[in-house]
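Quick note on numbering: the UniProt record's numbering labels position 190 of the sequence shown as 190, and the sequence is numbered without any gaps.
Beta carbons: idealized from backbone N, C-alpha and C, even for Gly.
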Amino acid sequence: MGFFDKFKKKKENETPQKESNLLLSMPMFNSEESYSLNHIIDDLQNYWKLNVSEVSGDDSVTTFKIENETVAVAIMPVPVPESDLEPIFGFNYLWKNAAEEVPNHTNHAIVSVLASGTNQLERFKILTKVNASILRTSNNAIGIYQGTQTLLLPKNLYLDFADFLNQDMLPLQLWIYIGIINEENHSSIYTYGMKEFGKTEIEILKSPIKGGDLYEFLLPVLSYIIESDVTLKNGETIGFTAEQKIKITQSKGIYLEGETLKFEM
1 MGFFDKFKKK KENETPQKES NLLLSMPMFN SEESYSLNHI IDDLQNYWKL
51 NVSEVSGDDS VTTFKIENET VAVAIMPVPV PESDLEPIFG FNYLWKNAAE
101 EVPNHTNHAI VSVLASGTNQ LERFKILTKV NASILRTSNN AIGIYQGTQT
151 LLLPKNLYLD FADFLNQDML PLQLWIYIGI INEENHSSIY TYGMKEFGKT
201 EIEILKSPIK GGDLYEFLLP VLSYIIESDV TLKNGETIGF TAEQKIKITQ
251 SKGIYLEGET LKFEM
């Protein structure tokens, strides 16, 4: 990452932003037939090569352990409430037909990775692998809803991004919403979900750079922050080369509540 090496990891005496104690996602299905517990466990063990233990329950409600993390899966015989989904149809660009396809689902599951002291990154990896195993082994699964990050993700795209984990890459698109605002002469971009990793959300405002290019720039930055547990600070600069020095400031968010880090680009 070049110049990113100058950033220090969070010190022990620093107070991190509060991380969520519970990770949640909601796989959605378009018929009464949802998932098979046996198929999920088999996929976790054989596709993801995970150690799954202490399996308890059945297809309706189950708990099990993965790498000492407790996972719970329960089927809900109703769709996700429309009031939760409708407000985010318009800006979930990763599922372009969500407004037509999602309202047709008939039931959903709740996947939970219960509270623990394990590194948040490892817990998100487990959540992703469980979601992917459910999607891969259910013909009737259509995608995943993650309300905490306002993410709606279609099945095939989710599976493609989840496979990044087999390549030692982070599927950030499944964990963090990246909002893109393209206007006539400039673009803005922001993150929503960095707080789940104890990090400050990021905004790039009114940049002459196209939104797609800002997106491509931001992804490796987010990956580095999360994977290396880097804390960016007000007044520092970042860049991929010695010549590139992008100033960081911290102030009240424009597209988000609370304070955000602004990259001046």
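Q.
Using a Cβ distance threshold of 8 Å, determine whether the segment 25-38 contacts the segment 100-117, with at least three qualifying pairs required.
A. Contact holds: three or more Cβ-Cβ distances are below 8 Å.
Q: State yes or no: is the C-beta of L37 within less than 8 Å of the C-beta of T63?
A: On the sequence shown, position 37 is the one that residue 37 refers to. On the sequence shown, position 63 is the one that residue 63 refers to. Not closer than 8 Å, so no.
Q.
Going residue by residue through the segment 28-94, where are the continuous beta strand (DSSP E) segments of at least 3 residues, counting only ones entirely within it?
A. Those beta strand (DSSP E) runs which fall completely within the segment 28-94 and span 3+ residues are 52-57, 61-66, 69-76.
Q) Which residues bound the beta strand (DSSP E) around S188? A) In the sequence shown, the residue the question calls residue 188 occupies position 188. 187-192 is the span of the beta strand (DSSP E), which, as asked, contains S188.
Q: Just the C-alpha distance for T249 and L222, rounded to the nearest angstrom, thanks.
A: By one-based count along the sequence shown, residue 249 stands at place 249. By one-based count along the sequence shown, residue 222 stands at place 222. Counting only the Cα atoms, L222 lies some 16 Å from T249.
Q) In terms of DSSP beta bridges, what is S251 paired with? A) Here residue 251 corresponds to residue number 251 of the sequence shown, with the count starting at 1. DSSP output for S251 lists T260 as bridge partner(s).
Q: Determine the contact status of residue 286 and K233, defining contact as a CB-CB distance below 8 Å.
A: Outside the modelled stretch of the chain, which goes from 1 to 265, sits residue 286, for which no answer is possible.
Q. Can you find at least 3 beta carbon pairs, one from the segment 145-164 and one from the segment 78-93, that sit closer than 8 Å?
A. The segment 145-164, when compared against the segment 78-93, does touch it at the 8 Å Cβ threshold.
(Q) Going by DSSP, what residue range makes up the beta strand (DSSP E) through N182? (A) As a first step, residue 182 is located in the sequence shown; it is residue number 182 there, counting from the start. Unbroken beta strand (DSSP E) run through N182: 177-182.
Q.
Using the three-state DSSP reduction, which class does N97 fall into: helix, strand or coil?
A. Working through the sequence shown from its first residue, we reach residue 97 at position 97. Three-state result, N97: coil.
Q. For L218, does the three-state DSSP call read helix, strand or coil?
A. Mapped onto the sequence shown, residue 218 falls at position 218. Reduced to three states, the DSSP call for L218 is helix.
Q: Give the single residue among L127, T260, P87, S188 whose Cα lies nearest to the Cα of V73.
A: Within the sequence shown, the letter at position 73 stands for residue 73. Across the set L127, T260, P87, S188, the C-alpha of L127 shows the shortest separation from the C-alpha of V73.
(Q) Applying the 10 Å Cβ sphere with the 16-neighbour rule, what's the burial state of S184? (A) Position 184 of the sequence shown holds residue 184. The identity of residue 184 in the sequence shown is Glu, whereas the question assumes Ser. Classification for E184: exposed.
Q.
Within 10 Å of its beta-carbon, does A242 have 16 or more other beta-carbons around it, so buried, or fewer, so exposed?
A. The residue you call residue 242 lines up with position 242 of the sequence shown. Per the 10 Å Cβ criterion, exposed.
Q. If you run the structure through DSSP and keep just helix, strand and coil, what is T148?
A. Residue numbering aside, residue 148 sits at position 148 when the sequence shown is read from its first letter. Helix.
Q) Under three-state DSSP, which class holds S25? A) Your numbering for residue 25 matches position 25 in the sequence shown. Strand.
**Q.** Span of the alpha helix (DSSP H) around I126
**A.** Within the sequence shown, numbered from 1, the residue matching residue 126 stands at position 126. In the DSSP assignment, I126 falls within the unbroken alpha helix (DSSP H) covering 120-137.
Q. Roughly how many angstroms separate the alpha carbons of residue 266 and L151, rounded to a whole number?
A. Outside the displayed range of the chain (1 to 265) lies residue 266, so it cannot be described from this structure.
Q) Where Q120 and F240 are concerned, what is the direct C-alpha to C-alpha distance, given to the nearest angstrom? A) For the purposes of this step, residue 120 is identified with residue 120 of the sequence shown, where counting begins at 1. For the purposes of this step, residue 240 is identified with residue 240 of the sequence shown, where counting begins at 1. For Q120 and F240, the distance between alpha carbons rounds to 26 Å.
Q: Apply the 10 Å Cβ neighbour rule to K245 and answer buried if 16 or more other Cβ atoms are within range, or exposed otherwise.
A: For the purposes of this step, residue 245 is taken as the residue at position 245 of the sequence shown. Note on K245: under 16 other CB atoms within 10 angstroms of its CB, so exposed under the neighbour-count rule.
(Q) Considering just the uninterrupted stretch of the beta strand (DSSP E) at N166, what are its terminal residues? (A) As a position in the sequence shown, residue 166 is number 166, starting the count at 1. That residue, N166, is in no beta strand (DSSP E); it is neither H nor E in DSSP.
Q: List the DSSP bridge partners of E203.
A: The residue labelled residue 203 in the question sits at position 203 within the sequence shown. Y190, K262.
Q | Status (buried if at least 16 other CB within 10 Å, exposed otherwise) for L22 | A | Along the sequence shown, read from residue 1 onward, the residue named residue 22 stands at position 22. Counting of Cβ neighbours within 10 angstroms places L22 among the exposed residues, the total staying below 16.
Q: Give every residue of the same chain whose Cβ lies closer than 8 Å to the Cβ of S116, excluding the five residues on either side of it in the sequence, and list them in chain order.
A: Position 116 of the sequence shown, counting from 1, holds the residue named residue 116. Cβ-Cβ distances below 8 Å link S116 to N68, E69, T70, R123 in the same chain, with the five nearest sequence neighbours on each side left out; the list follows chain order.
Q: Kindly indicate which three-state DSSP category G198 falls into: helix, strand or coil?
A: For the purposes of this step, residue 198 is taken as the residue at position 198 of the sequence shown. Coil at G198, not helix or strand.
Q. By how many angstroms is the C-alpha of D160 removed from the C-alpha of W48?
A. Stepping through the sequence shown from its first residue, residue 48 is reached at position 48. Stepping through the sequence shown from its first residue, residue 160 is reached at position 160. Our two residues, W48 and D160, have alpha carbons roughly 14 Å apart in a direct line.
Q) What did DSSP end up calling I208 once you bin it into helix, strand or coil? A) Here residue 208 refers to the residue found at position 208 when the sequence shown is read from its first residue. This sequence places Pro at residue 208; Ile is not what is there. Residue state, collapsed to three classes: coil.
Q. Just to confirm, are L214 and S207 a CB contact at a threshold of 8 Å?
A. Counting from 1 along the sequence shown, the entry for residue 214 is found at position 214. Counting from 1 along the sequence shown, the entry for residue 207 is found at position 207. In this structure, S207 lies closer than 8 Å to L214 by Cβ.
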